[in-house]
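First residue of the sequence shown? That's 468 in our numbering, and the numbers climb one at a time after it. Even for Gly, the Cβ is constructed at its ideal location relative to N, Cα and C. A quick note: this is a predicted structure, and the numbers were derived from the prediction, not measured. As structure tokens, the structure follows; a few thoughts come after it.
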Amino acid sequence: MVNVLSNKNTTTNNPPEKGLLARIRVASTALSRAERQVADFLLQKPHDALEMSIRVLAQVCNVSEPTVARFAQSLGFDGFKSFKLAFAKSLATGIPYLHLDVNQADQVKDVLPKVFDRTIAALMEARNNANSATFEAAVNLLARARRIECYGLGYSGALAIDAQLKFFRFGIPTTVFCDAHLQAQSASLLNSDCLVVAFSRTGRTRDLIRSVQLAKDTGAKVLVLCASGGPLAELADVHISVDVEEDPDIYTPMTSRLAHLTYIDALAVAVTLLRGPAAIDMLERAKASISEKRLVSKLDEAV
Numbered sequence: 468m469v470n471v472l473s474n475k476n477t478t479t480n481n482p483p484e485k486g487l488l489a490r491i492r493v494a495s496t497a498l499s500r501a502e503r504q505v506a507d508f509l510l511q512k513p514h515d516a517l518e519m520s521i522r523v524l525a526q527v528c529n530v531s532e533p534t535v536a537r538f539a540q541s542l543g544f545d546g547f548k549s550f551k552l553a554f555a556k557s558l559a560t561g562i563p564y565l566h567l568d569v570n571q572a573d574q575v576k577d578v579l580p581k582v583f584d585r586t587i588a589a590l591m592e593a594r595n596n597a598n599s600a601t602f603e604a605a606v607n608l609l610a611r612a613r614r615i616e617c618y619g620l621g622y623s624g625a626l627a628i629d630a631q632l633k634f635f636r637f638g639i640p641t642t643v644f645c646d647a648h649l650q651a652q653s654a655s656l657l658n659s660d661c662l663v664v665a666f667s668r669t670g671r672t673r674d675l676i677r678s679v680q681l682a683k684d685t686g687a688k689v690l691v692l693c694a695s696g697g698p699l700a701e702l703a704d705v706h707i708s709v710d711v712e713e714d715p716d717i718y719t720p721m722t723s724r725l726a727h728l729t730y731i732d733a734l735a736v737a738v739t740l741l742r743g744p745a746a747i748d749m750l751e752r753a754k755a756s757i758s759e760k761r762l763v764s765k766l767d768e769a770v
């Protein structure tokens with residue numbers, strides 16, 4: 468299985484720099500209480516922390532300097548200096564999630580910028596964590612398929628529908644199933660020329676996992692877009708990890724779907740390029756077939 472995380476460095480003294488804020492958030496639950504105070508400050512005021520020495524940071528966090536050093540070591544760095552260098556590079560790669568969540572204390576005027584900021588941050592995080600080798604492998608699977616079936620349940624069903632609307636224009640028979648019973652029946656009838664593209668936020672939906680397993684049993688290939696570490700990802704021939712932190716607050720929309728939709732667009736464009744002039748001609752014919760269904764604008768009339 469090709470995994471989007473496969474390019475991460477596992478050397479203890481040189482941990483990966485991308486997504487360091489996300490790593491701090493994940494690691495904070497396993498830190499000591501004092502180290503967690505350091506993590507909380509870094510997540511709240513990362514750019515302020517960049518200007519601080521280990522002594523000043525310790526004072527602000529109300530901990531000792533050795534605690535700050537242990538915090539850096541807990542994340543796999545050999546000391547605070549190497550951590551701070553990696554932290555600066557990580558911040559330079561994109562916009563972090565930092566208190567962008569809508570809460571009850573906010574006014575209506577605060578909602579729009581916060582939701583936009585969280586969306587931008589989600590897309591930046593997904594882009595910075597993307598693996599080009601995995602993406603290319605996914606494009607090759609789509610381009611070689613004789614039939615494509617898109618699966619998704621719940622909110623992910625909308626992603627599957629969007630993918631089907633993009634991929635059928637390759638000239639490849641493409642269907643979409645958002646019902647668990649229909650997914651299972653269709654999956655059991657596939658063969659080695661077919662490709663299943665499965666969408667899930669968590670990668671842990673039982674019915675979807677069952678459908679994908681049935682498809683694999685027929686010899687079909689499987690492309691999965693979901694979070695890392697779940698059982699659905701383990702079934703994939705190619706797994707594109709969409710690891711976007713979701714706000715559990717009911718006021719904030721699910722941002723990971725936007726990263727999924729962006730991947731769908733990128734896959735569609737890349738497959739068109741790979742398939743060459745014939746694919747472009749097909750897209751032009753599809754576009755021309757609906758041109759008369761639009762009203763002509765005044766600008767078009769002037770031209």
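- Judged by DSSP secondary structure, K688 falls within the beta strand (DSSP E) whose first and last residues are K688 to C693.
- With a threshold of 16 other beta carbon atoms within 10 Å, R761 falls short and is exposed.
- Just so you know, the alpha carbons of I731 and K581 end up roughly 25 Å apart.
- By the neighbour-count criterion, in which a residue is buried when 16 or more other Cβ atoms sit within 10 angstroms of its Cβ, N658 is exposed.
- DSSP assignment within the segment 622-676 yields the following whole alpha helix (DSSP H) runs of 4 residues or more, N-terminal first: 622-634 and 647-654.
- Annotation for I615: the continuous beta strand (DSSP E) segment containing it runs R614 to Y618.
- By the neighbour-count criterion, in which 16 or more other beta carbons inside 10 Å mark a residue as buried, G619 falls on the buried side.
- With contacts defined as CB atoms closer than 8 Å, E701 and C661 fail to qualify as a contacting pair.
- For T642, same chain residues with a beta-carbon under 6 Å away, outside a window of 5 residues either side, are E616 in chain order.
- Residue environment analysis places G543 among the buried positions, since at least 16 neighbouring C-beta atoms fall within 10 angstroms of its C-beta.
- Looking at the DSSP output, I731 sits in no beta bridge, so it has no partner there.
- The DSSP assignment places complete alpha helix (DSSP H) segments of no fewer than 4 residues inside the segment 575-604 at 575-595, in order along the chain.
- Rounded to the nearest whole angstrom, the CA to CA distance from L509 to Q571 is 24 Å.
- Here V709 is near L692, since their CB atoms are less than 8 Å apart.
- A distance below 7 Å between beta-carbons, with the five flanking residues on each side excluded, links F644 to the following residues of its chain, in chain order: E616, Y618, Q650 and S653.
- In the three-state reduction of the DSSP assignment, V523 falls in the helix class, which pools H, G and I.
- DSSP, read as helix, strand or coil, puts I747 in helix.
- Three or more pairs of CB atoms, one per stretch, sit closer than 8 Å, so the segment 619-638 contacts the segment 738-750.
- Ranked by Cα distance from V679, the first of G696, R668, A647 and T669 is A647.
- When DSSP states are grouped into helix, strand and coil, A516 belongs to the helix group.
- For A627, the number of other beta carbons within 10 angstroms of its own is at least 16, and it is reported as buried.
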